[in-house]
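A.B. asks:
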Amino acid sequence: MAKNKIIGRPFTRVDGRRKACGSSVYGPDIKMPGSLHAKFLGSIYPHAKILHIDTEKAGRLSGVKGIITNKNVPEVYWGFMVKDNPILAGDKVRFIGEPLAVVAATDPDIAEEAAELIHVEYEELEPVFDPEEALEPGAPLIHEGAEAYACTMPDIIRYGNVCGHTKMFGGDLEQGWRESDVIFEDRFSTPVQHHGFIEPHAATARFDLNGRLEIWTPTQAIFATRMALGEILGLPLNRIRVMGTELGGGFGGKTDITVEHFCALLAKMTGKPVKMQLTRSEMMTYTSARHSCVIYLKTGVKKDGHIVACEARLLFDTGGYAGHGPGVAPLGGNCILGPYRTPHFKIDSLSIYTNKMNFSFMRGPGGIQANFACESHIDSIARELNFDPFDFRMKNLVAEGDTSATGQRLEAVGIKEALISVGKMSRWTQRKKRKNRGWGLCCCLYEIVGLPSSALVKLNEDGSIHLVIGAIDLGQGSSTVLTQILAQEMDMAADQIAVTVGDTDMAPYDTGTFGDRVTFNMGNAVIEAARDLKRQLFTGAAAILERPVENLELAAKMILDRNDPKKAISLHELAMSSYYFQGGAPMGKSTFFAPFPAYAYEKVEGNPYAATPVHTYACQAVEISVDKETGVVNVETIYSSHDVGRMINPLGIEGQIQGGVMMGLGYALWEEVVFDAGRVINPNLADYKMPFAINQPEIRIDIVETKAANGPYGAKGAGNPPVLLPGAALANALYDAVGVRIRELPLTPEKVLYCLKNTGVQKEKF
Amino acid sequence: MKDMRYIRTASVTEITDSLKKYGDKAKIIAGGQSLVILLKQRLVSPGGLIDISQVNDLKFIKKTKKTIKIGALTTHRDIEKDPLIQAHMPILVEMEKQLASVQIRNMGTLGGNLCHADPAGDLAPPLIVMGAKLKLISAKGSRTVSVEHFFRDFFETAIQPDEVLAEIHVPLLPVSGNALYIKHSTRGVDTTIIGVAAFVSKDRDSNTCKDIRLCVGGVGSVPIRAKKAETAVRGKAVSKKIIAEAGKKASEEIHPVSDLQGSAEYKKELTEVFIKRAIKAAWDGIGRTNA
Amino acid sequence: MIIESSITLDGPINEIWEKLLDPACLKDCIPGCESVIIRSNGEFEGTVKVKIGPIKMRFKVVLTIVEKQPPVRLISKALGKDLFKVGRFTQKNQLVLEKLDSNKTRLSYISELNISGKIANFGERVLRAKAKEMEENYLASLSDILKHRGRKS
Amino acid sequence: MKKYKLRLNINDIDYTLKVGAGETLLDIIRDQLNLTGTKKGCDSGACGSCTILMDGMAVKSCLVLALQAEGRKILTIEGLAQDGVLHPLQNAFVEKWAIQCGYCTPGMILTSKALLDENPKPSEDDIRMYLTGNICRCTGYQKIIDAVASVGQLQGERHGKK
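What follows is the structure, given as structure tokens:
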């Protein structure tokens with residue numbers, strides 16, 4: 005293996021120059037001559053039967069070329085996990101803003117005007133907005149014929165308004181209660197958060213002359229998009245080409261189709277290219293938001309500070325359709341115990357229908373909600389038993405060989421080093437307790453998604469190397485990291501490698517860019533594809549150099565005999581001979597599918613994410629000051645330590661941590677999509693408060709490298725954990741500063757002031 | 033976008049003539065920072081737009097013996113960076129620094145801000161406590177209105193369809209006086225939840241408060257003068273107790289509405305806190321700031 | 009958006025009840041109301057002009073009586089569509105009358121207002137304040153009419 | 010739709026266009042002139058990804074009526090690099106990973122240029138205050154501040170040397 009010159013080194017981004025010059029082409033930038041523009045009409049009621057949709061008047065408006073409603077689209081139900089989503093609302097609408105009809109016209113204004121001319125007759129039904137009410141017997145049933153829905157994954161438990169119920173247990177809970185000296189109970193709740201990517205959803209679709217669908221869209225999963233479109237349009241996959249454009253921020257909100265199927269259907273109907281772009285308020289009412297959650301925790305501990313038992317119940321509000329709900333619930337359940345040894349536990353995590361919009365994956369899905377509850381709960385227990393929060397956590401941390409909530413063996417566990425490093429960075433033991441200032445601590449355990457990724461490494465005729473993959477770089481820098489890995493394997497400079505991303509016609513299959521999975525899975529795929537290519541080159545070179553294959557080595561674009569370096573052939577010459585004499589065009593290819601680790605099958609039900617290739621860990625300390633007159637929380641400094649397995653590119657890792665911490669900070673202090681009777685009342689970036697540059701505190705970062713055995717050069721994933729931590733870290737710091745325990749995010753000044761005035765009593769709902 | 037006429041004007045008389053000609057079928061556009069959003073979202077669809085942004089005679093900052101006269105088309109950034117304003121009215125400079133963003137301040141004009149009349153606007157309270165007046169011009173002539181009485185209701189002012197806001201006259205602060213503006217918003221530079229402007233002047237010999245004017249933005253359909261709070265301080269020796277009394281009075285005389293920004297009780301709390309802070313900071317700052 | 013309030017009105021309970029359902033009185037009391045007629049099926053139909061700064065709206069409102077127990081309880085539902093397509097609202101009202109004495113009646117009022125369309129994006133804080141202001145004006149003009157009934161007729 | 014004549018200069022090229030009264034500068038830059046480097050993120054003056062320079066001033070082009078740019082000199086991101094050579098800010102953003110998804114980058118770089126033209130050696134707080142109108146959801150801002158500050162130092166030295 006060549007001397008490591010590339011892994012762990014800061015490399016400039018392969019896509020940096022074009023993005024800095026504004027020449028990258030994003031979804032909204034796609035322009036097609038003669039293209040129509042589509043706008044949709046959303047429901048005005050949260051829960052209602054549709055008696056009649058009259059598009060006659062709209063159809064007559066000049067410039068309108070096509071209108072689709074449930075009547076003239078395929079009777080197909082689709083969905084990421086539960087196929088409960090009609091293409092357009094048919095018998096019933098289930099949230100305000102749910103698309104009923106889509107109009108394609110020569111320009112967006114005409115399409116919008118036409119959409120307003122569509123007359124819809126509703127028969128209002130009783131809505132339900134609170135997930136806990138939706139569980140009550142007799143609550144309005146949002147999906148009547150739910151049993152008939154098909155599922156894309158086995159073992160998804162569904163009943164009534166529940167579209168995903170994950171059950172896990174360990175040890176014997178009753179025995180746990182008996183062994184506990186003290187038992188604590190808490191209830192936590194977290195808000196709906198908007199993804200906040202600056203690029204709006206925008207897709208352009210057209211059918212070419214022999215009836216093949218081409219679609220340009222900023223999607224995180226080109227093959228999942230192609231699969232969904234195939235189902236909806238009834239087309240074989242080879243008749244669909246999905247081209248992932250440059251992506252302006254995804255964070256999990258662009259894994260599903262949102263407008264792609266409307267464009268495709270209208271393009272088919274009108275025979276013209278159709279572009280559909282959502283406005284900011286449409287995005288914030290129809291799609292791209294995180295599940296809100298209510299969490300009940302009951303934990304038994306011994307006086308000496310050891311956790312004995314925990315019973316957790318997580319209720320995720322997944323809105324009108326299952327969407328990613330049945331995936332978010334298990335991810336939350338998997339980490340509700342945090343990185344703490346808990347001999348006896350029982351976890352129920354539910355994804356519940358309500359009459360709100362279709363919530364989707366968002367960075368750290370399930371984990372950010374669970375971690376706020378778990379770490380606030382643990383912190384208040386530590387203080388009740390008057391332990392220092394640092395020591396209480398250290399006493400209960402998991403280590404290599406312990407098992408996760410699903411009974412999977414934990415490996416490459418870096419949480420202890422992370423906690424120690426945060427303690428050192430923040431000088432936790434010497435921290436001074438000053439007036440109205442406080443310190444908060446928070447740890448987390450999370451997982452990455454496995455599933456297959458494949459890579460294709462081509463040697464061109466001149467010996468240059470070309471990596472072709474389906475994994476979109478949504479900004480996290482995967483194209484750069486994968487180029488570095490390939491450069492290391494081929495012992496080349498990274499800038500001599502070209503990488504092409506995101507075209508289903510050219511790239512081999514890839515599951516998609518979400519769940520911190522690209523560096524891990526695609527990284528391994530790139531390594532194996534490179535080695536496959538090298539095997540082909542060595543056999544070719546062995547024939548030419550007449551040397552045994554085992555002696556050959558690739559260095560500085562030359563294949564040479566280890567024992568007799570003068571005997572060598574350049575990649576260039578080898579390529580020429582392979583292409584034009586014999587051997588054929590060398591292509592390294594591989595599909596990496598992380599083996600599904602063993603877990604306690606008998607103790608886990610309804611959990612599609614029961615095992616993960618490897619767990620990731622992180623820890624954070626934060627110092628804050630509180631203005632006791634206004635309740636405003638000011639974040640002074642954040643100390644964050646992350647076990648990323650191995651750092652491939654330090655600048656990329658820092659970027660993920662800083663970006664994740666700021667998104668977590670917004671979630672902790674300001675961000676909430678507010679509903680009033682099912683209607684989003686702050687669907688714009690003035691009333692929905694995302695952090696500005698002036699709100700960024702000093703963030704000190706440390707990296708723990710535990711070198712995961714199955715990771716590419718030991719790398720794990722780094723995108724999700726940073727988001728999980730600030731919520732609880734700030735809530736714990738707030739308690740430390742002014743003795744106020746708030747169990748509901750965001751920690752708005754009004755809540756802080758109310759609790760200060762009423763000595764820590766938390767008003768139910770503000 | 034609905035069909036609209038576009039009338040470019042280059043002088044004040046051209047403005048007033050166009051206003052007379054089109055009446056309320058056309059709307060004035062200066063910086064456009066509030067109006068363009070309403071146009072795009074089709075909340076407003078006027079027959080025509082009268083663009084006054086190129087009328088250079090309304091872009092000036094002049095100092096006379098007793099007042100500073102500001103042309104209505106002066107932008108927020110002009111105010112922020114103008115030496116005259118920095119020397120004589122630091123309250124306006126500090127207020128501008130926290131207003132929207134640099135880009136919006138580059139285009140947004142003072143006249144546009146006042147005519148948009150957002151009750152949580154940052155410009156009105158400082159002008160009100162400094163007793164500023166506005167000069168309105170129409171084809172028939174011109175009149176002056178005090179800024180305080182210029183605001184009638186949510187986004188509604190006393191301006192008539194045929195009038196344009198031309199000048200803002202701000203009296204210079206007395207040597208023994210001081211004024212400042214502080215605001216509370218979620219992210220620091222953000223939509224204002226509560227904005228409090230305070231002007232205080234000291235009676236040198238008796239070391240008591242000669243005059244005081246307080247104005248609260250964001251707690252009503254217009255910026256509100258906290259008159260009861262003023263009477264609690266005027267003529268008295270400014271002490272911690274007096275200031276606390278004024279804070280309490282101010283929070284009692286306002287009737288805010290609960291909304292996304294906060295509940296009515298919270299806004300009352302904030303008003304009390306910010307009135308106290310504003311009076312104290314203004315009082316302590318007397319004699320220190322202005323030249 | 010829930011708006012609740014109550015007010016004491018001069019006049020006997022039966023007369024107040026009549027006033028609540030009298031189109032002419034509705035027209036005078038609802039701010040910006042231009043016309044109110046009773047349709048054949050007992051529904052009330054009217055047009056109401058609402059102005060928020062530069063934004064003008066003219067709502068065609070259909071008010072249906074859901075339940076009535078004269079003279080104590082009235083539940084109604086209103087649906088308003090704006091002719092300029094700027095906004096739309098649905099409103100569920102519950103009015104309860106309580107006899108204080110032969111000449112004084114207490115009216116308590118709970119209304120669940122839901123505004124949608126482009127105006128809803130304009131700014132939630134403005135809509136709440138404007139709705140509250142219109143509701144206060146309605147009650148104020150209703151009590152004025154009743155107070156001056158003797159003199160004005 | 011009633012159209013009006015509009016003469017303006019964008020990236021040192023003069024244009025004469027036909028524009029409706031209600032069209033914004035952002036729409037004509039993107040749709041008529043196909044300069045898609047200037048981005049539309051919220052279309053309501055909140056995100057700043059549509060920021061361009063008009064006569065050297067940073068403005069949000071989604072809030073500027075096209076006709077109000079009559080006779081003005083506009084700089085968009087496409088006009089910053091001079092015949093293949095990147096502007097120091099562009100280089101700094103690339104070198105220091107101040108770019109992730111890149112959608113806010115054009116607006117961020119142009120606003121930073123306006124800042125450095127006004128205040129060649131800004132402090133970290135000056136940079137944060139100046140960039141408050143530009144929202145970035147990916148980077149958490151730190152590397153953007155570092156990139157702008159590093160160009161500030163560079164210019165500082167060059168000013169110093171002159």
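Residue numbers (my numbering), protein chains in the order written: chain A, 5 to 770; chain B, 33 to 323; chain C, 9 to 161; chain D, 10 to 171. Virtual Cβ for every residue (Gly too), placed ideally from N, Cα, C.
Quick one: residues in its chain with C-beta nearer than 8 Å to the C-beta of residue 491/A, no 5 flanking neighbours on either side, listed in chain order?
C.D. replies: So the list reads 10, 497, 498, 500 and 501, once near-sequence residues are dropped.
A.B. asks: If you compare alpha carbons, which of 60/D, 109/D and 25/D is closest to residue 250/A?
C.D. replies: Nearest option by C-alpha distance: 109/D.
A.B. asks: For residue 70/B, return the contacting residues in chain C, with the cut-off set at a CB-CB distance below 8 Å.
C.D. replies: Those are 62, 63 and 130, listed as they occur along chain C.
A.B. asks: For residue 220/B, go through chain A and note every residue whose CB falls closer than 8 Å to its CB, in chain order.
C.D. replies: Neighbours of residue 220/B on chain A, chain order: 696, 698 and 699.
A.B. asks: Could you tell me whether the Cβ atoms of residue 793/A and residue 734/A are closer together than 8 Å?
C.D. replies: Because chain A here runs from 5 to 770, residue 793/A falls outside it and cannot be looked at.
A.B. asks: On the criterion of 16 or more Cβ atoms from any shown chain inside 10 Å, does residue 99/D qualify as buried, or is it exposed?
C.D. replies: Classification of residue 99/D: buried, given that the 10 Å Cβ count is 16 or more.
A.B. asks: If you compare alpha carbons, which of 135/B, 231/B and 138/B is closest to residue 319/B?
C.D. replies: That would be 231/B, whose Cα lies nearest to the Cα of residue 319/B.
A.B. asks: Quick one: does residue 140/C have its CB under 8 Å from some CB of chain A?
C.D. replies: Not one chain A Cβ lies under 8 Å of residue 140/C.
A.B. asks: Less than 8 Å between the C-beta atoms of residue 700/A and residue 150/D, yes or no?
C.D. replies: The answer is yes: Cβ separation under 8 Å.
A.B. asks: Taking the beta carbon of residue 227/A as the centre, do at least 16 other beta carbons fall within 10 Å, making it buried, or is it exposed?
C.D. replies: Buried: at least 16 other Cβ atoms inside 10 Å.
A.B. asks: Give the DSSP-derived three-state secondary structure of residue 700/A in the structure shown.
C.D. replies: Three-state DSSP puts residue 700/A in coil, outside helix and strand.
A.B. asks: Going along the chain, which residues of its own chain have a beta-carbon closer than 8 Å to the beta-carbon of residue 102/D, five neighbours each way excluded?
C.D. replies: Around residue 102/D: 108, 114, 117, 118, 153 and 156.
A.B. asks: Closer than 7 Å, Cβ to Cβ, to anything on chain C: give me those residues from the segment 184 to 206 of chain B, in chain order.
C.D. replies: Those residues of the segment 184 to 206 of chain B that come within reach of chain C (Cβ to Cβ, closer than 7 Å) are 186, 187 and 188.
A.B. asks: For residue 96/C, would you say it is in contact with chain A, using Cβ-to-Cβ distances shorter than 8 Å as the test?
C.D. replies: With 8 Å as the cut-off, residue 96/C counts as an interface residue toward chain A.
A.B. asks: Please give me, in chain order, every unbroken run of the alpha helix (DSSP H) with length at least 4 that falls completely inside the segment 242 to 282 of chain B.
C.D. replies: Taking only runs of at least 4 residues, the alpha helix (DSSP H) segments lying wholly in the segment 242 to 282 of chain B are 259 to 265.
A.B. asks: Grab the span of the beta strand (DSSP E) containing residue 590/A for me, first residue to last.
C.D. replies: Looking at the DSSP string, residue 590/A is not in any beta strand (DSSP E), and its letter there is neither H nor E.
A.B. asks: Would you give the residue range spanned by the alpha helix (DSSP H) that residue 138/D belongs to?
C.D. replies: First-last of the alpha helix (DSSP H) with residue 138/D: 133 to 139.
A.B. asks: Looking at the structure shown, is residue 42/A part of a helix, part of a strand, or coil, going by DSSP?
C.D. replies: Here residue 42/A sits in strand by DSSP.
A.B. asks: Taking all protein chains shown into account, decide if residue 282/A is buried (16 or more other Cβ within 10 angstroms of its Cβ) or exposed.
C.D. replies: Classification of residue 282/A: buried, given that the 10 Å Cβ count is 16 or more.
A.B. asks: For residue 74/C, count neighbouring Cβ atoms within 10 angstroms of its own Cβ and tell me buried if that reaches 16, exposed if not.
C.D. replies: Exposed, since its Cβ has fewer than 16 Cβ neighbours within 10 Å.
A.B. asks: Tell me the rounded alpha-carbon separation between residue 42/A and residue 270/A.
C.D. replies: Computed Cα separation, rounded: 8 Å.
A.B. asks: Please report the straight-line C-alpha distance between residue 267/A and residue 695/A, rounded to a whole angstrom.
C.D. replies: Cα to Cα, residue 267/A sits roughly 33 Å from residue 695/A.
A.B. asks: Give the residues of chain B in contact with residue 160/D, contact being defined as C-beta atoms less than 8 Å apart.
C.D. replies: Correct list: empty, because the minimum Cβ distance to chain B is about 18 Å.
A.B. asks: Could you give the residue range of the beta strand (DSSP E) that holds residue 58/C?
C.D. replies: Note, residue 58/C: beta strand (DSSP E), 52 to 60.
A.B. asks: For the segment 350 to 376 of chain A, which residues have a CB atom closer than 7 Å to at least one CB atom of chain B, in sequence order?
C.D. replies: From the segment 350 to 376 of chain A, no residue has a Cβ closer than 7 Å to chain B.
A.B. asks: Spell out whether any CB of chain C is found under 8 Å from the CB atom of residue 291/B.
C.D. replies: Yes, because at least one Cβ of chain C sits closer than 8 Å to the Cβ of residue 291/B.
A.B. asks: Which first and last residues belong to the alpha helix (DSSP H) in which residue 221/B is found?
C.D. replies: Note, residue 221/B: premise wrong, no alpha helix (DSSP H); not H, not E.
A.B. asks: Helix, strand or coil: which one does DSSP assign to residue 363/A?
C.D. replies: Coil, per DSSP.
A.B. asks: Can you name the residues of chain B whose CB is closer than 8 Å to the CB of residue 757/A?
C.D. replies: The contacting residues are 298 and 301.
A.B. asks: Give a yes or no on whether the minimum CB-CB distance between residue 322/B and chain D is below 8 Å.
C.D. replies: In this prediction, residue 322/B has a pLDDT of 46, which is less than 50 and means its spatial position is unreliable; what the coordinates show is noted afterwards. No, no contact with chain D.
A.B. asks: Could you have a look at residue 18/A and say whether DSSP puts it in helix, strand or coil?
C.D. replies: In this structure, residue 18/A counts as coil in the three-state DSSP scheme.
A.B. asks: Are residue 71/B and residue 31/D closer than 8 Å when you measure CB to CB?
C.D. replies: It is a contact, given that the beta carbons lie within the stated cut-off.
A.B. asks: Along the alpha helix (DSSP H) that carries residue 306/B, what are the first and last residues, could you check?
C.D. replies: First-last of the alpha helix (DSSP H) with residue 306/B: 296 to 317.
A.B. asks: Let me know the secondary structure DSSP gives residue 14/C once reduced to three states.
C.D. replies: It is a strand residue.
A.B. asks: In whole angstroms, give me the CA-to-CA distance for residue 8/A and residue 488/A.
C.D. replies: In a straight line, the C-alpha of residue 8/A is about 11 Å away from that of residue 488/A.
A.B. asks: Listed from N- to C-terminal order along the chain, which residues in the segment 18 to 33 of chain A have their beta-carbon within a distance smaller than 9 Å of any beta-carbon of chain D?
C.D. replies: Result list: 19, 20, 21, 22, 23, 24, 25, 26, 27, 28, 29, 30, 32 and 33.
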